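Working notes for the structure below.
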Amino acid sequence: MGHQSEAILEKNLIRQLRGLDYGSVLIQDGTALVCNLKSQLEVFNESTFTAKEFDAIINHLAKGNVFEKAKTLRDRFQLTKEDGTSFYVRFFNAEDNSKNLFQVTNQISLEGSYKNRFDVTLLVNGLPLVQIELKRSGIEIKEAFNQINRYQMHSFWSNHGLFHYVQLFVISNGVNTKYLANNKLQSVKQTFFWADDKNKNITELTEFAAAFLNPNHLGKMVAHYIVINETHKVMMVLRPYQYFATEAIIHQVKNASDNAYIWHTTGSGKTLTSFKASQIVMELPEVYKVVFVVDRKDLDYQTMTEFNAFKKDSVDVTDNTQSLVRQLTDNTKLVLTTIQKLNNAVSERFAGKIEALRHKKIVFIFDECHRSQFGETHDRITKFFDKSQLIGFTGTPIFADNASKNDLGKRTTKDLFGNCLHKYVITDAIRDENVLRFGIEYVGKYKNKSKAFIDIEVEDIDKQEVLNSEKRINKIVDYIIAYHNQKTFSRDYSALLAVSSIDNVIQYYDLFQQKKAAGEHDLRIATIFTYGTNEDSDEARDFLPEDYDEFDFAAEPQTIYKSKHTRDKLEGYMADYNTMYGSSYSTKDSESFQKYAQNISKRLKDREKENFNDEKDRLDIVIVVNMMLTGFDAKKVNTLYVDKNLKQHGLIQAFSRTNRILGEQKSQGNILSFRNLKKATDEAITLFSNKEAIEVVTMPDYEAIAEKFDEALKLLREITPTYQSVNDLESEEDEAQFVQAFRKLMRAMNVLQSYTDFDWEDLTIAEQEFEDYKSKYLDLYEKVKRDTEKQKTSILDDIDFELELIHRDQINVAYILKLLAQLKGTKTQSAAVVQRKAIIDLLGGDIQLRSKRELIQKFIDENMPRIKDGDNIEDEFEKFWQDQKVLALGKLCEDEHLDKAQFKSLIDAYIYSGREPIKDEVFQCLDNRPSILQARVIGDRIITKMKEFVEVFVKGIVA
80 MGHQSEAILE KNLIRQLRGL DYGSVLIQDG TALVCNLKSQ LEVFNESTFT AKEFDAIINH
140 LAKGNVFEKA KTLRDRFQLT KEDGTSFYVR FFNAEDNSKN LFQVTNQISL EGSYKNRFDV
200 TLLVNGLPLV QIELKRSGIE IKEAFNQINR YQMHSFWSNH GLFHYVQLFV ISNGVNTKYL
260 ANNKLQSVKQ TFFWADDKNK NITELTEFAA AFLNPNHLGK MVAHYIVINE THKVMMVLRP
320 YQYFATEAII HQVKNASDNA YIWHTTGSGK TLTSFKASQI VMELPEVYKV VFVVDRKDLD
380 YQTMTEFNAF KKDSVDVTDN TQSLVRQLTD NTKLVLTTIQ KLNNAVSERF AGKIEALRHK
440 KIVFIFDECH RSQFGETHDR ITKFFDKSQL IGFTGTPIFA DNASKNDLGK RTTKDLFGNC
500 LHKYVITDAI RDENVLRFGI EYVGKYKNKS KAFIDIEVED IDKQEVLNSE KRINKIVDYI
560 IAYHNQKTFS RDYSALLAVS SIDNVIQYYD LFQQKKAAGE HDLRIATIFT YGTNEDSDEA
620 RDFLPEDYDE FDFAAEPQTI YKSKHTRDKL EGYMADYNTM YGSSYSTKDS ESFQKYAQNI
680 SKRLKDREKE NFNDEKDRLD IVIVVNMMLT GFDAKKVNTL YVDKNLKQHG LIQAFSRTNR
740 ILGEQKSQGN ILSFRNLKKA TDEAITLFSN KEAIEVVTMP DYEAIAEKFD EALKLLREIT
800 PTYQSVNDLE SEEDEAQFVQ AFRKLMRAMN VLQSYTDFDW EDLTIAEQEF EDYKSKYLDL
860 YEKVKRDTEK QKTSILDDID FELELIHRDQ INVAYILKLL AQLKGTKTQS AAVVQRKAII
920 DLLGGDIQLR SKRELIQKFI DENMPRIKDG DNIEDEFEKF WQDQKVLALG KLCEDEHLDK
980 AQFKSLIDAY IYSGREPIKD EVFQCLDNRP SILQARVIGD RIITKMKEFV EVFVKGIVA
């Protein structure tokens, strides 16, 4: 049986949508789209618009970008009609979805930079709100995603920018169907399957259309489940488990007074779910107020930031109990506070001021409800607010198996919060690729095969002093220094080091700094522990393996300094941080300390931003006792070094700091454990999913990944037996097969190289041959890029080359210059030929250096023969590079008729800020401003050339 064609998929989908009460309409181009929009808006608004009035509406709709248009869609436009009266034009009815008008059309053509034809478009009140791109079965779904990205760039902006109103995209090859928000910052990793309320994925297009695209559900998604993120200026859409959890909470609040909880695994986006639930619940007439409760000050800050990102100023964070009391008694509908302040508010001192609230229905939503909810506070809240309803969120519930005793006995999440309304466990999240698996390596005597150059005592340790010995910790520090680059892709990611006590933090930090001063490494290390361990707290003790039941839970005890010595040490460590980053934090001022904590958190989180200055602002490792092991999320953290005992929810929480999804390169969360936590890990995974889950949650061992690599290599050799065979591929289909096969090999290599056991000797391909294949792969990528610029379409256009798997920061121009100095020093002609080839191969194998290859080859051929002393190569290269840069800038300005001084300033601003210039800034550099018809094409062309100039002459030119 052959593959189902796109045309048949499209025809069947349209027939199904008509059966779901979509009106069918024929729209071939932008003119017909505008004409249909007018008639639909007239019916929807129960009015008619003259040509002049409709022009005013179109002009209003044309303003702004995708983000601003999302707000326009949900707003009303005050139109002054020709008779002088005011009329409020609506574009979408979020309150009553039955009033919206749904239509389906297909094959709309729009011409922007290129002419594009879209597969299936769903119109609501005449505006295109959902765009569906189809591929025949057998084609990977990622190609449809890449096609959408091309359309956004090439034509969505044309025709009054009406396609900027698309809220959701759907991509499908018939058997796999996913949806995503219209957010150009996201990768294919932010595309989601729809599912039922039991987390069973709905992948077939027919079933997806019935469940997701029916007007009732689609209208609800657009009205309530797309979040407009004010911080990043993007739209986000809830995933199915977030939707069902929110719906379950709404149903519980509307129909019952019982408490309840949501079990969604760590890293699955509980803050977004809880925000959306809070936002909808606070609008219910029966609810007086919603109070969102976190249990620590650092979480208070992070949650406030995220809440205000989802809806600007939705949270006015309370800085003291008096402020909380004021918010509880005024008309603030949503209050974010800590459990400590809430506990104070219901104490005798303030009870009189909030007495009026005693009988009001207040919904309390608890973030990570298991942590601080197991003391007397829970009882105080429920006794004071007699109509309160408590909804808890947790990634790791407390069951009888992992409950700890306090004065009130052993209490589980169910004891405190009642029934679980919705579950989404770690195995669900890994299956859906919403979080990554853990790649766990245990470093020590018990590891059978290990390339470890040190033998770290782990097994059979029965004395605390051995665990804390300087000798052992020194070995661990050496190990981290040796393997940190490998684990973090040459420091492209950051790591946490979790240790047992503040004394251990001091040992580790001082050792790292001593070795840094001795020139053994240049890692940037910081630590934070004031809000960590209390010297007398049971939570803080580091129990030995025989005291297995007493392992610590990575919870947060009360804050005290252990001693003046500890505080002085911390002050010194903060001074080191201040020196690295030009700040002035201190322990002498509690507010300054809070800002220090926030700055570390922000520095790690901000690494994922496009304009983050890695060279200047990067932080490599943060040493912690308990802090940051719960509730802290940063996608650019991929490694956790562990030298402390963890178990159950504490272990899962700590490991989960590493497994946030980010692109293709980050394939797993790396856990390097310097203690034997194998039994504790297996038991924790079993507790929070099931016994069979261990293989799902953790990565296979090195040998199993090596086998996958061999399978991928065998497939590659079937298509191209040698790297020279790539030259003989006859058709684009053959080239596409090669690209997909080598990409599969690169993915396996990406995982293999993260293991400390990695060795080229274990593989059946030599490193040089792999690099040769990679060069051919990049040649194909550049061919596609050139063809696209010539407006030539290719089936390779939408194949993702996943270049992030190739980039290697350690191979930069400075590294090449060292090799050139070695080349100059070679004694024989044959040795020089070999060295020159090695350099040219390196230039071909790195995506950033390829753009510089031609110029570096020119320097080797024309300038190197004239240089007598190898020590002068760096200076001569710098002079050559500056000359070439001036020539290239002059040619660019001459070709495009740009004012050289103005354009250079624009480039300098782009290099400094990372912000792409807007077209008006480009046009100010032109001798003559282009016509409206030419403006976009010319602006795009000049910005592309500017980026290429920066890529060649600026990026990677660092020592």
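When we follow my numbering, the leftmost residue of the sequence shown carries the number 80, and every step to the right adds one.
For every residue, glycine included, the Cβ atom is placed at its ideal position computed from N, Cα and C.
Quantities reported herein were computed from a predicted structural model and do not represent experimental measurements.
Within the same chain, Y572, S573, A574, L575, L683, R736, T737 and R739 come within 8 Å of V716 by CB-CB distance, once the 5 residues on both sides are set aside. In the structure shown, M659 falls within a helical segment according to DSSP collapsed to helix, strand and coil. I679 and I585 do not touch by the CB rule: their CB atoms are close to 17 Å apart, not below 8 Å. The straight-line gap separating the alpha-carbon atoms of D841 and K550 is approximately 32 Å.
The segment 494-508 and the segment 314-323 touch, with three or more beta-carbon pairs separated by less than 8 Å.
Here L284 has L88, L92, S251, G253 and T256 as same chain residues with Cβ atoms under 7 Å from its own Cβ, once five neighbours each way along the sequence are excluded. The alpha helix (DSSP H) runs lying completely inside the segment 771-843 and spanning 4 residues or more are 773-776, 781-798 and 811-831, given in chain order. V373 counts as buried, since at least 16 other C-beta atoms from the protein chains shown sit within 10 angstroms of its C-beta.
Minimum Cα-Cα distance from H311 among the listed residues I895, V145, V721 and A845 corresponds to V145. Contact between I946 and I952 holds, since their C-beta atoms are separated by about 6 Å, short of 8 Å.
Where M1025 is concerned, the enclosing alpha helix (DSSP H) starts and stops at I1011 to F1032. When the alpha-carbon of F123 is set against those of I441, L206 and D162, the nearest one is in L206. Short of 6 Å from the beta carbon of F1002, and not among the five residues preceding or following it, lie these beta carbons of its own chain, in chain order: R1008. S833 is the residue among Y367, S833, P996 and E957 whose C-alpha sits nearest the C-alpha of Q565. Here A713 has L683 and K684 as same chain residues with Cβ atoms under 6 Å from its own Cβ, once five neighbours each way along the sequence are excluded.
L112 has its alpha-carbon roughly 57 Å from the corresponding atom of L896. The beta carbon of F496 sits closer than 7 Å to the beta carbons of N338, A339, Y340, C448, L469 and G471 from its chain, once the five residues preceding and following it are set aside; these are given in chain order.
In the three-state reduction of the DSSP assignment, D557 falls in the helix class. Restricting attention to D275, Q246, V360 and K823, the CA atom closest to the CA of I307 is found in Q246. Under the three-state reduction of DSSP output, L898 falls in the helix class. For G518, the uninterrupted beta strand (DSSP E) segment begins and ends at F517 to Y521.
Where K368 is concerned, the enclosing beta strand (DSSP E) starts and stops at K368 to V373.
As summarised for the segment 194-255, the continuous beta strand (DSSP E) elements at least 3 residues long and confined to that stretch are 194-203, 206-213 and 247-251, given in chain order. Taking a cut-off of 8 Å on C-beta distances, the segment 171-187 does not touch the segment 272-281, as fewer than three cross pairs fall below it.
Here the segment 796-808 makes no contact with the segment 762-769; the two share fewer than three CB pairs at distances below 8 Å. For the pair E125 and Y167, the Cα-to-Cα distance works out to about 11 Å.
Remark: C-beta atoms of V721 and R754 approach each other more closely than 8 Å. Positions of the beta strand (DSSP E) runs, each at least 3 residues long and wholly inside the segment 124-189, are given as 155-159 and 165-169 in order along the chain. Taken through DSSP and simplified to helix, strand or coil, Y340 comes out as strand. Here DSSP, grouped into helix, strand and coil, assigns M361 to coil. Between the C-alpha atoms of K906 and G949 there is a straight-line separation of about 13 Å. Setting aside the 5 residues that flank it on each side, A911 is surrounded in the same chain by L902 and T905, each with a C-beta closer than 7 Å to its C-beta; the list follows chain order. In this structure, the straight-line span from the alpha carbon of E650 to that of A561 is close to 28 Å.
Excluding five sequence positions before and after K983, the CB atoms of its chain that fall closer than 8 Å to its own CB belong to L968, given in chain order. Looking only at D789, A783, E782 and K723, the smallest Cα-Cα distance to K757 is reached by K723. The residue among F1032, L928, G143 and Y781 with its C-alpha nearest the C-alpha of S854 is L928.
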